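>
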Amino acid sequence: MPISRFYKLYLSPNRKYVKVLKNLLGFVPGNLSLYRLAFRHKSVAQNIRKGVKNSNERLEFLGDAVLGSVVAEVLFKLYPYEDEGFLTELRSKIVSRNNLNQLARKLGFDKLIEFDPKILANGRQGSLLGDAFEALVGAVYLDKGYDFTRHFLVNHIIKAHIDIHTLEQTETNFKSKLIEWCQRHGKDITFELTTNLEGESAKLFTIQVNVDGEILGSGKEFSKKNAEKLAAEKACAALGI
Numbered sequence: 328m329p330i331s332r333f334y335k336l337y338l339s340p341n342r343k344y345v346k347v348l349k350n351l352l353g354f355v356p357g358n359l360s361l362y363r364l365a366f367r368h369k370s371v372a373q374n375i376r377k378g379v380k381n382s383n384e385r386l387e388f389l390g391d392a393v394l395g396s397v398v399a400e401v402l403f404k405l406y407p408y409e410d411e412g413f414l415t416e417l418r419s420k421i422v423s424r425n426n427l428n429q430l431a432r433k434l435g436f437d438k439l440i441e442f443d444p445k446i447l448a449n450g451r452q453g454s455l456l457g458d459a460f461e462a463l464v465g466a467v468y469l470d471k472g473y474d475f476t477r478h479f480l481v482n483h484i485i486k487a488h489i490d491i492h493t494l495e496q497t498e499t500n501f502k503s504k505l506i507e508w509c510q511r512h513g514k515d516i517t518f519e520l521t522t523n524l525e526g527e528s529a530k531l532f533t534i535q536v537n538v539d540g541e542i543l544g545s546g547k548e549f550s551k552k553n554a555e556k557l558a559a560e561k562a563c564a565a566l567g568i
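Here the sequence shown is numbered in our numbering, starting from 328 and rising by one per residue.
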């Protein structure tokens, strides 16, 4: 970063925010507007065009892809003798909404996110943190580029805060977790088989999860059990549990 820009950031009215971000991330941000956007939930965002809001959702979409790519590379190198099924499942554990929620809370994201407190009443507040983490990854990518973001994630996030080998041994029953959440909040839940296709060598099942009539996740696998598991995992992510 040019010295003039560095001093401009530190001497501007945003200097306190710059200092907070530097302490959080370990580097001086360039485009502050990207980072502010990363911490802005749609509940306090405004429409800007064609129903699109100036919230962190687009950055979240981008960050999800970047994070998934970096984690996939890390696992590919860390486990040279495991197949793609193992790598996919372990990546899912690392980038699961529950894991990202815990990570973001540990990093102090809860003090930075802008949101309407009214949404806390609907039981989905847990996704705020994980969503913001992915949005932040998207912001870093746009601000600094892929190589910088990869280095940041590998050295300052994964190595520092994620115990991959412990996650490897962790078995999460997303279906039971989802059912327990629905019972606790008085919500109806159904698992529905929507398609049952014959592939070249096996049947392909698609399971859809409905919570109070709302579709929250679907899974497509070669067994009903695995399709249900995937659908439940997506529903848990949508609910932030």
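From the three backbone atoms N, C-alpha and C, an ideal C-beta is built for every residue, glycine too.
Bear in mind the structure is a predicted one, so any value in this text is a computation, not a measurement.
Are the CB atoms of Arg477 and Ser454 within a distance shorter than 8 Å?
Taking the sequence shown and counting its residues from 1, the one referred to as residue 454 is at position 127. Taking the sequence shown and counting its residues from 1, the one referred to as residue 477 is at position 150. Going by C-beta atoms, Ser454 is not nearer than 8 Å to Arg477.
> To the nearest angstrom, report how far apart Ser382 and Asp443 are at their CA atoms.
Looking up residue 382 in the sequence shown gives position 55. Looking up residue 443 in the sequence shown gives position 116. C-alpha separation (whole angstroms): 12 Å.
> Are there 16 or more other CB atoms within 10 angstroms of the CB of His368, so buried, or fewer, so exposed?
Taking the first residue of the sequence shown as 1, we reach residue 368 at position 41. His368 comes out buried.
> With a 10 Å radius around its C-beta and 16 neighbouring C-beta atoms as the bar for buried, classify Gly412 as buried or exposed.
In the sequence shown, counting from the first residue as 1, residue 412 sits at position 85. Flag for Gly412 reads exposed.
> If we count Cβ pairs, one from each stretch, closer than 8 Å, do we get three or more for the segment 357 to 368 versus the segment 383 to 390?
Yes: the two stretches touch, three or more of their Cβ pairs being nearer than 8 Å.
> State the Cα-Cα distance for the pair Asn500 and Val467, rounded to the nearest angstrom.
The residue given as residue 500 occupies position 173 in the sequence shown. The residue given as residue 467 occupies position 140 in the sequence shown. The straight-line gap from Cα to Cα measures roughly 33 Å.
> So Lys502 packs on Ala559, CB below 8 Å; how close in whole Å?
Along the sequence shown, one-based indexing puts residue 502 at 175. Along the sequence shown, one-based indexing puts residue 559 at 232. At roughly 4 Å, the Cβ-Cβ gap stays under 8 Å, so Lys502 and Ala559 are in contact.
> Could you tell me which of Leu430, Asp437 and Ser545 sits nearest to His488, measuring between CA atoms?
Start at 1 with the first residue of the sequence shown, and residue 488 comes out as number 161. That would be Leu430, whose Cα lies nearest to the Cα of His488.
> Any idea what DSSP makes of Phe388, helix, strand or coil?
As a first step, residue 388 is located in the sequence shown; it is residue number 61 there, counting from the start. Note: Phe388 maps to helix in three-state DSSP.
> In angstroms, rounded to a whole number, what distance separates the CA positions of Gly390 and Gln510?
Position 63 of the sequence shown, counted from the start, is the residue given in the question as residue 390. Position 183 of the sequence shown, counted from the start, is the residue given in the question as residue 510. C-alpha separation (whole angstroms): 32 Å.
> Mind checking Leu557: buried by the 16 CB within 10 Å criterion, or exposed?
The residue you call residue 557 lines up with position 230 of the sequence shown. With 16 or more Cβ atoms within 10 Å of its Cβ, Leu557 is classed as buried.
> What number of angstroms, rounded off, separates the C-alpha of Cys563 from the C-alpha of Val538?
For this step, residue 563 is matched to residue 236 along the sequence shown. For this step, residue 538 is matched to residue 211 along the sequence shown. Computed Cα separation, rounded: 11 Å.
> At what residues does the beta strand (DSSP E) containing Ser545 begin and finish?
Looking up residue 545 in the sequence shown gives position 218. First-last of the beta strand (DSSP E) with Ser545: Glu541 to Glu548.
> Does the beta-carbon of Glu428 have 16 or more other beta-carbons within 10 angstroms, so that it is buried, or is it exposed?
As a first step, residue 428 is located in the sequence shown; it is residue number 101 there, counting from the start. The sequence shown places Asn at residue 428, rather than the Glu named in the question. Flag for Asn428 reads buried.
> Let's see if you can read the secondary structure: which residues bound the beta strand (DSSP E) around Ile484?
By one-based count along the sequence shown, residue 484 stands at place 157. From DSSP, Ile484 is part of no beta strand (DSSP E); its letter is neither H nor E.
> Can you tell me whether DSSP reads Thr533 as helix, strand or coil?
Residue 533 sits at position 206 when you count from the first residue of the sequence shown. Strand, per DSSP.
> What would DSSP say about Thr522, mapped onto helix, strand or coil?
Working through the sequence shown from its first residue, we reach residue 522 at position 195. Reduced to three states, the DSSP call for Thr522 is strand.
> I need the straight-line Cα distance from Val536 to Gly457, nearest angstrom please.
In the sequence shown, counting from the first residue as 1, residue 536 sits at position 209. In the sequence shown, counting from the first residue as 1, residue 457 sits at position 130. Val536 and Gly457: Cα-Cα distance of roughly 21 Å.
> Helix or strand or just coil, what does DSSP make of Thr497?
The residue labelled residue 497 in the question sits at position 170 within the sequence shown. If DSSP states are grouped into helix, strand and coil, Thr497 belongs with coil.
> What are the boundary residues of the alpha helix (DSSP H) that Asn426 is part of?
Looking up residue 426 in the sequence shown gives position 99. Note, Asn426: alpha helix (DSSP H), Arg424 to Leu434.
> Nearest to Ile484 by alpha carbon, out of Asn341, Val371 and Val401?
Within the sequence shown, numbered from 1, the residue matching residue 484 stands at position 157. It is Val401.
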